[in-house]
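Protein chains in written order, with our numbering: chain A, 1 to 288; chain B, 289 to 799. Note that CB positions come from ideal geometry on N, CA and C, so glycine has one too.
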Amino acid sequence: MNFKHKYVFLFPGLFVLIGILIFPIIFTIRLSLSGWNSYTPEMNFIGITNYIRLFTDDPRFWESFFRLSFLSVSTVILQYIIGFALALMVWREIKFKRFFRVIFLIPMMTTPVIMTVIWRTFFHESLGPVNDLLGHIGIGPILWLSDPVIAKFTVIIVEVWQWTPFMFLLLLAGLLSLPKEPFLAAAIDGASTFRKFVYVTFPLMAPISIGAIIIRLIEASKIMDTVFVLTSGGPGTATETSSFYIYIKGLREFQMGYAATLSFTYLVIMIISLTIIAKVLTKLMIKE
Amino acid sequence: MKIIKTCLTAIISSVMIFSPMAYADKWSDQFPHIKATGDIPGECSYESMSKKNYKGKTLKINTHAVPVMGEPTALHAEQFAKLTGAKVDVTHTPAGDLYAKAMVPFQAGQAPYDIVFGFSNFINDWRRYLEPVPKKYVEMKQMQDVTPSHIGIASWDGVMYQFPVDGDRHYLKYRKDVIDNPKYQKKYKADTGKELRVPRTWKEYGEMAAYFNDWDWDGDGEKEYGSAEVMKKDDLMYAAFYSRSAAYSKNPKTPGGFFFDLKTMKPLINNPGFVEALTDWVEATKYVPPGGINFGLGDEIGSFGGGQTLFSFSWDDAFVAAMQPDSPINNKVGAAQLPGAMKVWNRESNSWDEGFNQAPFFVWGWAVGVAKKSKEKEMAFDYLCFFANEANHQADIGIGRFGVNPFRDADFQADVWTQIGWDKDIAQSYVDTLAEMEKSKNRVFPLRVPGTFEFNAALATAAAKALAGQLSPQAALDEAAKQWEDILNRVGKDNVRKAYAVGVAMEDNKL
Numbered sequence: 001m002n003f004k005h006k007y008v009f010l011f012p013g014l015f016v017l018i019g020i021l022i023f024p025i026i027f028t029i030r031l032s033l034s035g036w037n038s039y040t041p042e043m044n045f046i047g048i049t050n051y052i053r054l055f056t057d058d059p060r061f062w063e064s065f066f067r068l069s070f071l072s073v074s075t076v077i078l079q080y081i082i083g084f085a086l087a088l089m090v091w092r093e094i095k096f097k098r099f100f101r102v103i104f105l106i107p108m109m110t111t112p113v114i115m116t117v118i119w120r121t122f123f124h125e126s127l128g129p130v131n132d133l134l135g136h137i138g139i140g141p142i143l144w145l146s147d148p149v150i151a152k153f154t155v156i157i158v159e160v161w162q163w164t165p166f167m168f169l170l171l172l173a174g175l176l177s178l179p180k181e182p183f184l185a186a187a188i189d190g191a192s193t194f195r196k197f198v199y200v201t202f203p204l205m206a207p208i209s210i211g212a213i214i215i216r217l218i219e220a221s222k223i224m225d226t227v228f229v230l231t232s233g234g235p236g237t238a239t240e241t242s243s244f245y246i247y248i249k250g251l252r253e254f255q256m257g258y259a260a261t262l263s264f265t266y267l268v269i270m271i272i273s274l275t276i277i278a279k280v281l282t283k284l285m286i287k288e
Numbered sequence: 289m290k291i292i293k294t295c296l297t298a299i300i301s302s303v304m305i306f307s308p309m310a311y312a313d314k315w316s317d318q319f320p321h322i323k324a325t326g327d328i329p330g331e332c333s334y335e336s337m338s339k340k341n342y343k344g345k346t347l348k349i350n351t352h353a354v355p356v357m358g359e360p361t362a363l364h365a366e367q368f369a370k371l372t373g374a375k376v377d378v379t380h381t382p383a384g385d386l387y388a389k390a391m392v393p394f395q396a397g398q399a400p401y402d403i404v405f406g407f408s409n410f411i412n413d414w415r416r417y418l419e420p421v422p423k424k425y426v427e428m429k430q431m432q433d434v435t436p437s438h439i440g441i442a443s444w445d446g447v448m449y450q451f452p453v454d455g456d457r458h459y460l461k462y463r464k465d466v467i468d469n470p471k472y473q474k475k476y477k478a479d480t481g482k483e484l485r486v487p488r489t490w491k492e493y494g495e496m497a498a499y500f501n502d503w504d505w506d507g508d509g510e511k512e513y514g515s516a517e518v519m520k521k522d523d524l525m526y527a528a529f530y531s532r533s534a535a536y537s538k539n540p541k542t543p544g545g546f547f548f549d550l551k552t553m554k555p556l557i558n559n560p561g562f563v564e565a566l567t568d569w570v571e572a573t574k575y576v577p578p579g580g581i582n583f584g585l586g587d588e589i590g591s592f593g594g595g596q597t598l599f600s601f602s603w604d605d606a607f608v609a610a611m612q613p614d615s616p617i618n619n620k621v622g623a624a625q626l627p628g629a630m631k632v633w634n635r636e637s638n639s640w641d642e643g644f645n646q647a648p649f650f651v652w653g654w655a656v657g658v659a660k661k662s663k664e665k666e667m668a669f670d671y672l673c674f675f676a677n678e679a680n681h682q683a684d685i686g687i688g689r690f691g692v693n694p695f696r697d698a699d700f701q702a703d704v705w706t707q708i709g710w711d712k713d714i715a716q717s718y719v720d721t722l723a724e725m726e727k728s729k730n731r732v733f734p735l736r737v738p739g740t741f742e743f744n745a746a747l748a749t750a751a752a753k754a755l756a757g758q759l760s761p762q763a764a765l766d767e768a769a770k771q772w773e774d775i776l777n778r779v780g781k782d783n784v785r786k787a788y789a790v791g792v793a794m795e796d797n798k799l
């Protein structure tokens, strides 16, 4: 029997894949080999000049990358810890369980840009309510947005507030799907709550935890809107992340060719590093 | 007969005297924005526009975020729509994205916007995509009153690409009620041994700002601070830095470039003059309000205009905002030229020239053009002409948050400002300050070269690093100079030199 016609059914999906994934990547690679900018808006070929510039003469990109690594890893760890704690709380039989579940999800349902504008107002150092309240108890004013170190933690606070509910949701779904038998066995053995968590809940949740952490790491590594609205990468370049730096090079300074180089390099680095992180997490969290 | 004659004379006189007002009232009733003047006859007046019919057509505008320039754009769009029947879509974009928002479609050969707002120093990158302003607009009456320097700003090689809607320069704004206050003058003298006066130099500015920082000197129960400045990276902070640098680096004895040495195209921005200015600026982070290191233009306007600081320097907006009737410091502010310095760097002798030096910085401001690929060019130019008509212009320049500043000869008359409630001496000091800047022979003009956005962004990033304490002033400016060299190599030294020579000729008073 001839089954060649079956390939016809693959075409729609293939076209979509080529259109939305393959073509943009190939175009980005080609663009990265050009010097397209505001004064020479053309797809000329300049070889690997942009890549040489990136690897030999652009410390700002690498600084932004390491800053991004710090921000994304720390926010995701905090989100995981808080999200897990909240999920455990409403997993049990407590009063107003449904109410709390909805309340915990609200931050995630709000628009990040709008919420960041509100956070920026809260943290405004001379007009915002946070410093005003702290002032009443003799603290401050704290330079939430204009101290290079504190500004990073301000970004972390906003990110954790916004995205912990996502972690909470995934982990709660995981908890609700766990089998009951291991918990019954632990209870019969007289295991304490702590031991039940360490030896039963946490190991059973490991695959879900890894998935949730990786999803959040992918998202956190693209952090842009929070930084853009809250600090514009400042003070100085203290909160500038890779995606914000690429945006500046591409859409502010209009160095399209170089921005494509940064984007493609960043994509490769992220694919490699997230693969390694996933493997390391699997090794650490899942015991055979 | 005599009675009839008298009556006729009275009627004719009344018609002659009151007809312009009746004419004005007709439009100011519908459009309260121009209630102070009514409509003023002209090619693009309310009356003239009401005779145009753009029904069924849509005009698309990309402008700045509200309020600075965004608010008047939207207001005049609404008025224009009412008068002509056109549909006007206004898109608001943050300042840092105005360049790219126009450039992306420009380079793709598209025209999603008929009108694009930006800054006048974009002209070199944008002009190939903009429609030159048609002769009929260039020659019309309202354009004849625009100062020659602002006609020059809007033009390149004698062709006008940008429609003049704004005129900009940086100058000093100060709290007159403090600086001229005998009680504070005595106290300052007793505490510091120095005179309290309008600061002549940046060092004096810093000393006074530090002295009046972080205490309630106006008795309103709130703390006040020394200075409000645009220090936020990517929010025009490079212009603030150039303003602080001009006195230390623009040496009238060494013509041939402020940013580059025109002969060699070597960047000058890391010479000791610029480093001194950046060192002063880093010091200024100690006397700005909390969070002042993140102040953008809107914050600076709100801070000084709201009475929070002793000094400020930037565009007119903060001053005009402070002078509005609803301002807590209405008629309590003064204007003066930017402070100078007691030494200026001489790049030829490689040493400081001692003595007072002052150099105004003409920060060419908002600019607007019509896309070459627009299908509604006539309507677009009519809108811009209407935006800048005399009635709208007079109303707009009196509203600080609008960001529309003087650029016509008529604006430099004190009467224009006393009519909107300014004290006579303040109005006079304001127009004198602007006029003195026009007359100065030691001016600095902004970069208008290919890749200007890259140059300014590199400088702003370096300066921001110094302000944040990430780098020393010298290291930051060395980094910027290195980046300027790289940009020069990418763009081509000759390309940049050719364009820069035009600005240098203006600075050296050869144009």
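Which of helix, strand or coil does DSSP assign to residue i?
| i | result |
| --- | --- |
| Trp144/A | coil |
| Asp327/B | coil |
| Ile377/B | According to the sequence provided, residue 377/B is Asp. The question's Ile does not apply to it. Three-state DSSP puts Asp377/B in a strand. |
| Phe254/A | coil |
| Leu347/B | strand |
| Met231/B | What the structure shows of chain B is the stretch from 289 to 799, and residue 231/B is not part of that stretch, so it cannot be assessed. |
| Asn409/B | helix |
| Asp225/A | helix |
| Thr489/B | strand |
| Val90/A | helix |
| Ala516/B | strand |
| Glu678/B | helix |
| Gly653/B | coil |
| Ala312/B | Because Ala312/B carries a pLDDT of 49, less than 50, the predicted location of this residue cannot be relied on, and no value is offered for it. |
| Asn645/B | strand |
By how many angstroms is the C-alpha of residue j removed from the C-alpha of residue i?
| i | j | result |
| --- | --- | --- |
| Phe96/A | Leu88/A | 14 Å |
| Thr297/A | Arg120/A | Absent from the model: residue 297/A. The displayed extent of chain A is 1 to 288, so no value can be given. |
| Tyr80/A | Phe168/A | 8 Å |
| Leu556/B | Ile137/A | 49 Å |
| Ala679/B | Pro360/B | 13 Å |
| Leu33/A | Leu363/B | 45 Å |
| Asn341/B | Ala399/B | 23 Å |
| Gln473/B | Val719/B | 26 Å |
| Gly656/B | Val426/B | One detail in the question is off: residue 656/B reads as Val in this sequence, not Gly. Approximately 14 Å between the Cα atoms of the pair. |
| Leu524/B | Val486/B | 25 Å |
| Phe451/B | Ala534/B | 28 Å |
| Met794/B | Met725/B | 14 Å |
| Tyr493/B | Ala572/B | 10 Å |
| Val268/A | Gly509/B | 57 Å |
According to DSSP, what are the bridge partners of residue i?
| i | result |
| --- | --- |
| Phe394/B | Answer is none; Phe394/B lacks a bridge partner. |
| Leu460/B | Phe601/B and Ala624/B |
| His352/B | Thr381/B |
| Ser243/A | Answer is none; Ser243/A lacks a bridge partner. |
| Trp633/B | Trp640/B |
Here's the rule: buried if 16 or more other CB atoms are within 10 angstroms of the residue's CB, otherwise exposed. What is residue i?
| i | result |
| --- | --- |
| Ala310/B | The pLDDT assigned to Ala310/B is 41, lower than 50, so where the model puts this residue is not dependable, and the model offers no usable value. |
| Ile276/A | exposed |
| Phe650/B | buried |
| Asn412/B | buried |
| Trp569/B | buried |
| Ala478/B | exposed |
| Phe202/A | exposed |
| Trp603/B | buried |
*Counting Cβ pairs, one atom from each stretch, are 3 or more of them under 8 Å apart for the region 38–57 of chain A and the region 423–435 of chain B?*
no
*Counting Cβ pairs, one atom from each stretch, are 3 or more of them under 8 Å apart for the region 692–699 of chain B and the region 499–510 of chain B?*
no
*Give, in chain order, every residue of the region 158–185 of chain A whose Cβ lies closer than 9 Å to some Cβ of chain E.*
The displayed structure is made up of protein chains A and B, and chain E is not among them.
*For the region 172–183 of chain A against the region 259–277 of chain A, are there 3 or more C-beta pairs whose distance is under 8 Å?*
no
*How about the region 621–638 of chain B and the region 535–542 of chain B: do they share at least three Cβ pairs that are nearer than 8 Å?*
yes
*So does the region 728–737 of chain B actually touch the region 785–798 of chain B, counting three or more Cβ pairs closer than 8 Å?*
yes
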